[in-house]
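J.: Have a look at this one before I ask anything.
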Amino acid sequence: MHSIIIVVVVIIIIIIIIIIIIIIIIIIIIIIIIIIIIIIIIIIIIIIIIIITIIIIIIIIIIIIIIIIIIIIIIIIIIIIIIIINPTQGSKSTPP
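The opening position of the sequence shown corresponds to residue 344 in this note's numbering, with each subsequent residue numbered one higher.
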């Protein structure tokens with residue numbers, strides 16, 4: 344009778360230990376998965392930020408280039424106007 348009780352108790356203890364080990368393994372796996380997901384999310388966020396900054400920098404460079412081109416065009420137009428107007432003014436203003 345005593346031996347049966349001991350066997351039952353030992354079996355119960357073994358089952359409990361196995362259950363605890365399984366639970367611990369499951370918890371560890373869940374934690375690892377959560378950490379991996381967090382790392383992936385962080386990497387994605389960093390990549391998005393880098394892409395956005397690159398796009399912004401490109402846009403700023405394009406705007407600066409456009410502004411420079413516009414300024415150059417305006418200067419060229421002013422120079423052309425001065426060249427066109429100046430000789431007539433020069434010939435009018437200089438006494439014969």
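We put the beta carbon where it would ideally sit given N, CA and C, even for glycine.
Give the straight-line distance between the Cα atoms of Ile355 and Ile367, rounded to the nearest whole angstrom.
T.: 18 angstroms
J.: If we ignore side chains and look at the alpha-carbon of each, how far apart do Ile466 and Ile377 end up?
T.: Past the boundaries of the shown model lies residue 466; the chain is included only from 344 to 439, so the question cannot be answered.
J.: In whole angstroms, give me the CA-to-CA distance for Pro421 and Ile428.
T.: For the record, residue 421 in the displayed sequence is Ile; it is not Pro. Rounded to whole angstroms, Ile421 to Ile428 spans 10 angstroms at the Cα level.
J.: Which residues in the same chain have their Cβ closer than 6 angstroms to the Cβ of Ile381, if we skip the five residues on either side of it in sequence?
T.: none
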